[in-house]
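Here the protein sequences come in this chain order: A and B.
For what it's worth, the numbering used here labels the leading residue of the first sequence as 183, then goes sequentially.
For what it's worth, the numbering used here labels the leading residue of the second sequence as 183, then goes sequentially.
Below: one structure, written as structure tokens.
Number of protein chains: 2
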Amino acid sequence: MVTRCDACPLRGRSLFADMSDEEVRQTQRFKVGELTVEAGTPILTEGAHSAQLFTVLSGVGLRHKVLQNGRRHVLTFLFPGDLIGLQGAVMGEMGHTVEARSRMRLCVFDRQALWNFFGNSPSRSYDLIWIAATEEHFMGEALVTVGQRTAEESVAWALVKLWKRAATLEMTDGAAMPMPFKQQDLADALGLSLVHTNKTLAKFRERQLAVWRDGRLQVNDLETLARIGMTDTAPPKPRPLL
Amino acid sequence: MVTRCDACPLRGRSLFADMSDEEVRQTQRFKVGELTVEAGTPILTEGAHSAQLFTVLSGVGLRHKVLQNGRRHVLTFLFPGDLIGLQGAVMGEMGHTVEARSRMRLCVFDRQALWNFFGNSPSRSYDLIWIAATEEHFMGEALVTVGQRTAEESVAWALVKLWKRAATLEMTDGAAMPMPFKQQDLADALGLSLVHTNKTLAKFRERQLAVWRDGRLQVNDLETLARIGMTDTAPPKPRPLL
DNA sequence: CGCTGTCTTGATCACTATCAAACCGAGTGG
DNA sequence: CCACTCGGTTTGATAGTGATCAAGACAGCG
């Protein structure tokens with residue numbers, strides 16, 4: 183029932199850095215269980231004192247923050263391999279909410295594990311910083327996008343990001359990938375209205391660059407999208423897996 | 183000439199967490215020097231392979247990224263106590279450029295120090311994660327701002343943030359603080375045009391909420407600004423100092 | 001003193017939000 | 001089997017926030 187770390191289906195994927203047997207054992211020791219949640223379920227909520235850390239085993243979700251006036255911003259989309267709850271574990275409380283967008287399986291780690299890492303395993307604590315720094319780097323990119331890119335550029339950028347991420351996770355079959363997100367989610371991630379996001383997607387569909395339909399995203403011309411979104415098509419660097 | 187860590191002028195400020203004598207000695211051991219740069223000088227540039235880490239001792243600066251089409255986004259403003267270059271040290275290259283906006287004094291640490299921390303000092307490596315997580319948290323707030331707040335709300339939010347930061351650093355005398363940034367910097371941080379930013383500031387000036395003039399920012403009604411910007415006036419939590 | 005950089009203000013434009021309504025597939029229940 | 005609802009998507013019409021264009025003010029400076 184519960185996946186053993188030495189049989190972790192993620193470790194083989196090209197996105198993730200190699201782990202030594204010792205690191206796998208350490209990780210296993212700190213894994214306290216597995217959690218399955220249905221689409222739509224909040225996993226952690228803003229302001230909550232989370233006692234747990236999760237790693238996404240399968241499925242997708244998102245992090246978002248809501249403003250006092252009810253407007254919502256989606257910070258990042260979550261894919262297998264992503265670590266959830268580091269902020270809460272370190273800072274005491276979560277700065278955002280985490281929600282499932284498909285059925286998700288999550289590895290559960292005890293928050294305590296974190297402190298053990300610092301004492302026992304310099305390489306693992308380095309990995310944690312690596313993850314935090316990378317996350318920050320991504321947020322920087324998102325900030326530039328929302329701040330400086332036009333709607334068309336933003337959507338293209340986001341599609342390329344999503345596609346590249348899915349591709350390195352081998353979630354793409356043929357030219358399509360599962361897209362359980364709503365268009366509203368994408369709109370809220372880019373600071374655009376739902377209507378405008380939809381119309382922009384429609385333009386890409388007409389131009390045969392990308393077709394998002396029936397919960398699947400099909401990308402026909404990644405290069406052109408990347409050019410429009412002013413980004414590149416290089417695969418992301420290998421990242422450590424917790 | 184060079185400030186000794188045990189005489190660090192920052193450590194007493196309310197913004198920073200207490201350090202043990204041992205931590206001060208450790209920090210001193212890793213400090214390799216001090217650097218003074220003039221306003222306008224780039225300290226680290228995007229893509230560069232930085233071999234060094236800095237902590238701001240005095241002065242202010244900013245981090246920014248530029249897009250292929252030349253548009254620029256300011257990610258954060260830098261104040262005394264901020265750590266610069268962690269991303270570069272961890273990920274190999276900087277994801278943004280760091281630039282001085284006033285004369286700045288910087289403590290210089292060797293990148294190598296980082297690895298030593300992981301091995302020798304769990305509490306210091308925890309501090310590093312804390313810093314990275316906090317930075318990420320801030321970026322999240324900025325993302326919500328740029329994505330969801332109106333121009334007026336954004337500017338109010340930014341002024342409150344700047345003011346609170348300066349206040350805990352005791353950089354405010356009376357009702358004013360030094361503001362060596364350009365309005366263009368603020369505009370680029372909020373994803374607004376210079377003209378619109380200027381007009382929004384003018385409105386706040388007319389309403390006597392805040393007056394930014396001659397390189398100084400005077401805040402008359404922090405509460406109202408916070409209400410407009412949908413944020414709070416609580417001082418930031420104490421943070422570790424490297 | 002002209003030059004340059006920054007701030008300021010006014011006029012105009014357009015990208016994107018908002019409003020409104022139809023559409024569509026999947027349930028659900030009579 | 002059909003009416004009905006419901007969440008999500010799609011499309012059209014209109015409005016507005018904020019961008020862009022333009023020009024003047026002002027200070028510092030070679």
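In this text, a Cβ means the ideal position worked out from N, Cα and C, and glycines have one as well.
Since this is a predicted model, take the numbers as computed values, not measurements.
Using the beta-carbon count (16 or more within 10 Å), is residue i buried or exposed?
i, result
"B:Thr327", "buried"
"A:Gln234", "buried"
"A:Leu324", "It should be noted that the sequence gives Ala, not Leu, for residue 324 of chain A. Label assigned to A:Ala324: buried."
"B:Pro417", "exposed"
"B:Lys346", "buried"
"B:His231", "exposed"
"A:Val184", "exposed"
"B:Glu318", "buried"
"B:Ala189", "exposed"
"B:Pro420", "exposed"
"B:Lys343", "buried"
"A:Ala384", "exposed"
"A:Lys364", "exposed"
"A:Lys381", "exposed"
"B:Gly373", "buried"
"A:Thr218", "exposed"
"B:Thr415", "exposed"
Check residue i in the structure and name its three-state DSSP category.
i, result
"B:Val184", "coil"
"A:Gln366", "helix"
"A:Thr316", "helix"
"B:Glu228", "coil"
"A:Leu383", "helix"
"A:Thr179", "Any question about residue 179 of chain A goes unanswered here, given that chain A covers just 183 to 424."
"B:Thr332", "coil"
"A:Arg193", "coil"
"A:Gly274", "coil"
"B:Met353", "coil"
"A:Gly222", "coil"
"A:Ser375", "coil"
"B:Asn251", "coil"
"B:Ser303", "coil"
Report the partner residues of residue i according to the DSSP bridge assignment.
i, result
"B:Asp400", "Residue identity check: residue 400 of chain B is Gln in the sequence provided, not Asp. B:Ala358 and B:Val393, per the DSSP bridge assignment."
"B:Cys289", "B:Glu216 and B:Thr237"
"A:Val342", "Paired residues: none, contrary to the question."
"B:His246", "B:Val256 and B:Thr279"
"A:Arg421", "A:Phe198"
"A:Ile311", "The partner list for A:Ile311 (beta bridge, DSSP) is empty, contrary to what the question assumes."
"A:Leu265", "A:Thr237"
What is the rounded straight-line gap between the Cα of residue i and the Cα of residue j?
i, j, result
"B:Ala282", "A:Phe386", "41 Å"
"A:Glu388", "A:Val401", "13 Å"
"A:Arg285", "A:Gly241", "6 Å"
"A:Leu407", "A:Glu334", "10 Å"
"B:Ala357", "B:Arg245", "27 Å"
"A:Gly270", "B:Asp309", "15 Å"
"A:Gln210", "A:Arg186", "7 Å"
"B:Ser336", "B:Gly411", "6 Å"
"A:Arg398", "A:Gly322", "27 Å"
"A:Val206", "A:Ala295", "14 Å"
"B:Glu352", "A:Asp403", "54 Å"
"B:Asn251", "A:Thr332", "12 Å"
"A:Gly130", "B:Pro191", "In this structure chain A extends from 183 to 424, so residue 130 of chain A is not present and cannot be described."
"B:Arg395", "A:Leu368", "39 Å"
"A:Arg254", "A:Ala199", "34 Å"
"B:Val214", "B:Phe236", "10 Å"
"B:Trp339", "A:Gly222", "31 Å"
"B:Leu239", "B:Phe300", "24 Å"
message = Along the region 317-340 of chain A, where does the CB come closer than 8 Å to a CB of chain B? Name the residues.
response = Glu317, Glu318, His319, Met321, Gly322, Glu323, Ala324, Leu325, Val326, Val328, Gly329, Gln330 and Arg331
ask   = Just by C-beta distance, which residues in the region 366-395 of chain B are closer than 9 Å to chain A?
value = Asp370, Ala371, Leu372, Gly373 and Leu374
task = Identify each residue in the region 262-274 of chain B for which the Cβ-Cβ distance to at least one residue of chain A is less than 7 Å, and report them in chain order.
result = Leu268, Gln269, Val272 and Met273
ask   = Which residues, in order along the region 276-304 of chain A, keep a beta-carbon less than 7 Å from a beta-carbon of chain B?
value = Gly277, His278, Phe300, Gly301 and Pro304
query = Got a sec: which bits of the region 228-250 of chain B sit with their beta carbon under 7 Å from any beta carbon on chain A, in order along the chain?
reply = Lys247, Leu249 and Gln250
ask   = For the region 187-220 of chain A, which residues have a CB atom closer than 7 Å to at least one CB atom of chain B, in sequence order?
value = none
ask   = Taking a cut of 7 Å between CB atoms, which residues from the region 401-419 of chain B lie near chain A?
value = Met412
task = Give the residues from the region 345-365 of chain A that approach chain B closer than 7 Å (Cβ to any Cβ), ordered along the chain.
result = none
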